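Mind the numbering: the sequence shown is residues 1136 to 1533 in my numbering, read in order. Virtual Cβ for every residue (Gly too), placed ideally from N, Cα, C. For clarity, every value in this text was computed on a predicted model and none was experimentally measured.
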Amino acid sequence: MKAISDELRAAAEAIVSEEEQGFRTYLLAAAQAFLDNDWFAADEAWLAMGSTPTKWYLRVGPDEVYFEPCNRKAGFHMSLARIDPSSLEWRERLEPVKADMEQALAELAGPPYAARDIAFHLPDFIHIVLNAGDSRDNMGGAIGQSLPNWGPVAEKGGRTVVMTNLYTDADSVAAHRVRLEATFCPETIGQFGEGGYMYVMTTVLHEAAHNLGPGHSYLVDGKADGEVFGGGLSSVMEELKAQTAAMYYTDWLAERDLIEKTEVLQAHAADTAWGLQKFTGGFVTPSGSPKAYSQLAAVQIGYFLEKGAITWHPDAMAVNGEDQGCFQVHSDIMPGAVRELMAEVASIKARGDKEAAEALRQKYIFSKEGDFAHLRDEVTPPRWQRGGKESFIYAVRY
């Protein structure tokens, strides 16, 4: 801990430019936290850094709990990135309506949840330079985070970032297209846009949604959701809320002419592909902990298949002309199905209804019977394993 503190302090002392004084302040606060364990003070400096003219993004310390079986203890990580100026576009769209976004979700959640005053900062877009520690995965990488998870800064809404330079390289885009053409019907493939823009939009809305509606800090009978649901289920339900809200807000924004109708079609197709991709690799870790994103994806896809927003055509050929059986996304049905699922999930979290949450998991994740289980466990994974899986190598260009 002292060795890390010394390095952070040395980095701070090397900064002399006026516009980077917020960055310097955070480095010193983080260096001190590695000595005295006062991470909340470092969080305050980190939040303040986001409103300075710095060209850099840094987060170093203990944050995410995914690695730990009970989802209670945080692992240490470091993410270093450059600020992407394109953040301003999404801030201009969402800043005026974020209170309305909270009100809309509160109405879907119903009592006892009531809309709150929203003070969170809209996402920063960043270009990752280096991920290290628990944020450096052996395969793939996170494309969005809302931090911190606890403490005074979390209660203020924290800080949200979207990593815009992951999965946008030519190799990743080409491999993704191979999977899409092996999975979807010709009627749906035209809904996919070029590049990764739709995934960026969904990630922005997903991370913003962590600050909306009943979240980790919302109390039911004086208990936070980790106590109500248990650590693992709590993480699954919060991520399910955020991802479903991302889909819900896509239609919500289009109704207010803040995004184009064509973007809605592309976003729903991209979100369906994201969900099917998560079936690869199973739904629990070797130690038995839930994989939050994989589990939420199973709930969403299973629910949308039941509602007819997605259909499976076993006799039709996929776009590539080689794979029999393909998925079709119905853009006219999807908005209503998303709204229904959003209301159900938000209500479960608002009431602290653990039994209802477990019922969702049992029906869509752990059941081994029915057509959906076959699609989930046997049909879809092999198609999404084609083209290889990304392992990112980080470099700095001078």
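Boundaries (first-last residue) of the beta strand (DSSP E) holding residue i
i	result
I1218	1211 to 1219
T1446	1445 to 1452
L1193	1191 to 1197
Q1459	1459 to 1464
R1391	First-last for R1391: undefined, no H or E at that position.
G1279	1279 to 1282
V1297	1294 to 1298
Where the alpha helix (DSSP H) through residue i begins and ends
i	result
L1143	1137 to 1148
V1264	Careful: V1264 lies outside any alpha helix (DSSP H), inside the beta strand (DSSP E) at 1259 to 1268.
D1178	1174 to 1184
Q1497	Where Q1497 is concerned, there is no enclosing alpha helix (DSSP H), given that its DSSP letter is neither H nor E.
D1506	1506 to 1509
T1318	1305 to 1318
V1434	1427 to 1442
T1420	Careful: T1420 lies outside any alpha helix (DSSP H) and carries neither H nor E.
A1481	1469 to 1486
F1364	1360 to 1364
W1519	1515 to 1519
V1151	Here V1151 belongs to no alpha helix (DSSP H), and DSSP marks it neither H nor E.
M1236	1233 to 1244
From the options, residue whose alpha carbon lies closest to that of residue i
i	options	result
R1521	G1443, L1315, G1505, V1371	L1315
T1130	F1211, F1158, G1357, D1198	With the chain covering only 1136 through 1533, there is no way to say anything about residue 1130.
A1254	Y1201, T1303, L1182, F1319	L1182
E1108	R1518, D1235, V1363, S1281	Not covered by the structure: residue 1108. The range shown for the chain is 1136 to 1533.
P1231	R1217, L1257, G1245, A1250	L1257
N1284	T1337, V1200, D1219, A1317	V1200
A1277	V1335, V1313, D1252	V1335
S1307	A1289, M1469, G1275	G1275
E1290	R1251, A1267, L1170, N1300	R1251
G1523	K1503, R1312, A1408, M1236	R1312
H1212	P1449, Y1529, D1272	D1272
H1403	Q1463, L1393, Y1428, E1154	Q1463
D1259	I1394, W1387, A1180, P1220	P1220
E1227	N1172, I1394, A1267	I1394
Buried or exposed (CB count within 10 angstroms, at least 16 for buried), residue i
i	result
C1461	buried
Q1459	exposed
G1410	buried
K1208	exposed
I1263	buried
K1484	buried
R1391	exposed
Q1401	buried
P1287	exposed
R1500	Looking at the sequence provided, one finds Ile at residue 1500 rather than Arg. Its Cβ being crowded by 16 or more others within 10 Å, I1500 is buried.
T1397	exposed
R1198	The amino acid at residue 1198 is misidentified as Arg; the sequence shows Asp. So D1198 ends up on the buried side.
D1178	buried
C-beta atoms of residue i and residue j nearer than 9 Å
i	j	result
I1324	M1298	no
F1418	I1436	no
S1482	A1241	no
S1370	P1421	no
S1214	S1270	yes
V1434	C1320	no
G1196	R1294	no
L1193	L1162	yes
G1367	D1360	no
V1296	A1389	no
Y1438	Y1353	no
T1318	G1279	no
Q1412	R1496	no
E1525	Y1302	yes
A1492	F1364	yes
H1465	A1444	yes
K1134	I1218	Here the chain comprises residues numbered 1136 to 1533, so residue 1134 is not present and cannot be evaluated.
I1468	K1498	no
D1406	W1447	no
G1357	E1237	no
P1204	G1423	yes
Closer than 8 Å: residue i CB and nearest the ligand MG heavy atom
i	result
R1207	Within the structure as shown, the ligand MG is missing, as the structure has no ligands at all.
Original post:
When the Cβ atoms of the stretch 1369 to 1385 are set against those of the stretch 1336 to 1343, are three or more pairs found closer than 8 Å?
Top reply: These segments touch.
**OP:** Report yes or no: do three or more beta-carbon pairs, one from the stretch 1510 to 1525 and one from the stretch 1362 to 1374, lie closer than 8 Å?
**Re:** Cβ pair count under 8 Å is below three, so no.
Original post:
Are the stretch 1141 to 1150 and the stretch 1166 to 1180 in contact at 8 Å, needing three or more beta carbon pairs?
Top reply: At 8 Å Cβ cutoff, the stretches touch.
Subject >> Inter-stretch contact at 8 Å, needing at least 3 Cβ pairs: the stretch 1468 to 1477 / the stretch 1486 to 1497 >> reply: Touching, no.
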